[in-house]
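What follows is a set of notes on a single structure, which appears directly below.
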Amino acid sequence: MVVIIDYDAGNLTSVERSLRALGEAPLVTPEAETVLRASRVVFPGVGAAGAAMATLKSRGLDEALQGVFARGIPILGICLGAQIILEASEENDAPCLGLLPGRTRALPRRAGLKIPHMGWNRVRFLREHPVFRGLPEGAEFYFVHSYFPDPADPALVLGATHHGVDFPSAVGGRNLVATQFHPEKSGRFGLQILKNFLAWDGAGAQ
Amino acid sequence: MLSKRLIICLDVRDGRTTKGIRFLDNVDVGDPVAMARQYYEEGCDELVFYDITASSDRRDIMIDVVRRVAAQIFIPFSVGGGIRTLDDMRAVLLAGAEKVSVNSAAVKNPKIIAAGARDFGSQCIVLGMDVKQVEAGAAIPSGYEVVINGGRTPMGLDALWWAQEGERLGAGEICLNSIDADGTQTGYELTLTRIISQAVSIPVIASGGAGTPEHLAQVLTAGQADAALIASMVHYGAYSIKDIKDYLHQRGIPVRLVW
Chain A
14 MVVIIDYDAG NLTSVERSLR ALGEAPLVTP EAETVLRASR VVFPGVGAAG
64 AAMATLKSRG LDEALQGVFA RGIPILGICL GAQIILEASE ENDAPCLGLL
114 PGRTRALPRR AGLKIPHMGW NRVRFLREHP VFRGLPEGAE FYFVHSYFPD
164 PADPALVLGA THHGVDFPSA VGGRNLVATQ FHPEKSGRFG LQILKNFLAW
214 DGAGAQ
Chain B
3 MLSKRLIICL DVRDGRTTKG IRFLDNVDVG DPVAMARQYY EEGCDELVFY
53 DITASSDRRD IMIDVVRRVA AQIFIPFSVG GGIRTLDDMR AVLLAGAEKV
103 SVNSAAVKNP KIIAAGARDF GSQCIVLGMD VKQVEAGAAI PSGYEVVING
153 GRTPMGLDAL WWAQEGERLG AGEICLNSID ADGTQTGYEL TLTRIISQAV
203 SIPVIASGGA GTPEHLAQVL TAGQADAALI ASMVHYGAYS IKDIKDYLHQ
253 RGIPVRLVW
């Protein structure tokens, strides 16, 4: 059972719809017990890290996520879900889930650089990973964010993107993979990533 | 590097598009879902559905369009036209739109921007602005005034001020339409677009006046727009999305070329 975690962080319907288009019947749930029974977990979301963490905790979803991560269940984080898997966020200094070591940082603010980073951009994939197979040269993905995940260990950075700075746009370790961009809004190549994730056994990058 | 976006606008009335003759072979002319799907496959970066349905009791038809679009189109799309309340926003977003655009409702009640940003996130809230050039003066120092009702009603608001106020209130993006250029197909209003884009840190979509790929190149360079909205250029078959993107690419403008 593929579970999409509902923690009141933005519109989850587009993730659900894209998985349905791939022939999957995902279950959107706010319940920790259901997450713990999942065979695969999608962790999407937009919004602020602090508020999201508060909701996750109030529903016991923080421990549920730590539980499924420890058990090797494949997890896909998207956008905010790629940020709060780290230990903490610069956004309101919020403590986060700590599934991977590192922090979420703000994109630089300077004249002429539009924030949020909104639109299509390339990802330079730095490591072979089953979830990012089959993507052509020049593929672009849809971003909308002002913060980005910055893992402490460079080995956890799977892909990078440029907007003012080079920042990690795909991260992962073990059975967890996460994208700062929105695969569900990134056309055919985004769907390819979701399809790859649905077939992934959770064995990490190498 | 962030690509400049090519955004196609579909006007929808009572669930049918009001422009477009090129889809004669295999697409139902006038079906917004079929047209959107075609543009998606042809490499459009984003879509805007502008609901010009007059009566509010037919709004459910638009929600149904949004739901059907969302089930088969996997790029961002927004819905504008007649969005007046948080409930209007919620209905459109839950049906699967990525963003909602507020225009005259925001001028009349600016709090809707802040409330929408709070409830749904700034990234969902597009501030649509219709702007007309006027003589610069004490009330309108930039010489550009915000108007509503298709340009018929001047609001006494300076466009530059309103753009910055919209950003402050929590809009995630601005869709800037020049009433003077709209429908002329003689080019975007470059000065207006540049001063607004420089005055805010959020992305600005230029709208009104597109007739040739050169017009898009101008507004994305000299006009400093982050995205360009087009309609008739593609609806009547004068250009394909690929024609336009190839031209922009040759001009050194970053665009998404693989889809």
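Just so you know, the sequences run in chain order A and B. Following our numbering, the numbering of the first sequence begins with 14 at its first residue and continues without gaps. Following our numbering, the numbering of the second sequence begins with 3 at its first residue and continues without gaps. We put the CB at the ideal spot given by N, CA and C, even for glycine.
Its Cα nearest to that of A:V41, the residue A:L25 stands out among A:R50, A:L25, A:A34. Non-local C-beta neighbours of A:I128 in its own chain, meaning closer than 8 Å and more than five positions away in sequence, comprise L120, R122, S159, ordered along the chain. Take A:I206, set aside five residues on each side of it, and the residues of its chain with a beta-carbon closer than 8 Å to its own are V144, F145, L148, T192, P196, S199, in chain order. For the stretch 106–138 of chain B, the full-length beta strand (DSSP E) segments reaching 3 residues or more read 127–135 along the chain.
At least one beta carbon of chain A lies nearer than 9 Å to the beta carbon of B:Y42.
Against chain B, the beta carbon of A:L204 has neighbours under 8 Å at F76, listed in chain order.
One finds nothing in chain B with a Cβ atom closer than 9 Å to the Cβ of A:M66; even the nearest lies about 16 Å away. Against chain A, a Cβ distance below 7 Å from B:L4 picks out H130, G132, N134, H176. With the rule of 3 Cβ pairs closer than 8 Å, the stretch 95–104 of chain B does not count as touching the stretch 145–161 of chain B. Within chain B, no C-beta atom comes less than 7 Å from the C-beta of A:Y160; the nearest is roughly 12 Å away. In the DSSP assignment, A:S31 falls within the unbroken alpha helix (DSSP H) covering 26–34. Here the C-alpha atom of B:K110 lies approximately 43 Å from the C-alpha atom of A:L35. Within chain A, no residue has its beta carbon less than 7 Å from that of B:L159; the closest one is some 23 Å off. Within 9 Å of the CB of B:S103, no CB atom of chain A is found; the nearest one sits about 14 Å away.
For B:I207, the enclosing beta strand (DSSP E) begins and ends at 206–209. With respect to B:L178, B:A227 sits close: the two C-beta atoms are nearer than 9 Å. In terms of beta-carbon proximity, A:R146 stays away from the interface with chain B, with every pair separated by 9 Å or more. For the pair of segments examined, the stretch 232–242 of chain B was found not to touch the stretch 153–167 of chain A: the number of CB pairs separated by less than 8 Å stays below three.
Of all C-beta pairs linking the stretch 235–253 of chain B to the stretch 204–218 of chain B, three or more are shorter than 8 Å, placing the two stretches in contact.
Scanning its chain for C-beta atoms nearer than 8 Å, with the 5 sequence neighbours on each side dropped, one finds around B:I197 the residues S144, Y146, L162, in chain order. For A:F161, the uninterrupted beta strand (DSSP E) run begins and ends at 160–164, by DSSP.
Between A:I88 and A:N209, the C-beta spacing is not below 9 Å. A:R30 and B:I114 have their C-alpha atoms roughly 28 Å apart. Bounds of the beta strand (DSSP E) holding A:T42 are 40–42. Around the C-beta of B:M37, 16 or more other C-beta atoms lie within 10 Å, and the residue is accordingly described as buried. Distances from the CA of B:A183 to each of B:R18, B:T55, B:A212 were compared; the closest alpha carbon is that of B:A212. In terms of Cβ geometry, B:Q135 and B:S180 form a close pair [threshold 9 Å]. Here B:S203 is not near B:Y190, since their CB atoms are 9 Å or more apart. By the neighbour-count criterion, in which 16 or more other beta carbons inside 10 Å mark a residue as buried, A:V178 falls on the exposed side. Taking all protein chains shown into account, A:Q96 has 16 or more neighbouring C-beta atoms within 10 Å of its C-beta and is therefore buried. In the DSSP assignment, B:R92 falls within the alpha helix (DSSP H) that extends over 88–96. Of the other Cβ atoms in all chains shown, 16 or more fall within 10 Å of the Cβ of B:I9; this residue is therefore buried. Straight across, the Cα-Cα distance linking B:G82 with A:A216 is about 44 Å. For A:T26, the chain B residues whose C-beta falls within less than 9 Å of its own C-beta are A72, L95, L96, A97, G98, listed in chain order. The residues R7, I9, I207, in chain order, have a CB closer than 6 Å to that of B:A229 in the same chain once the five nearest residues on each side in sequence are set aside.
For B:A99, the secondary structure class from DSSP, reduced to helix, strand or coil, is coil.
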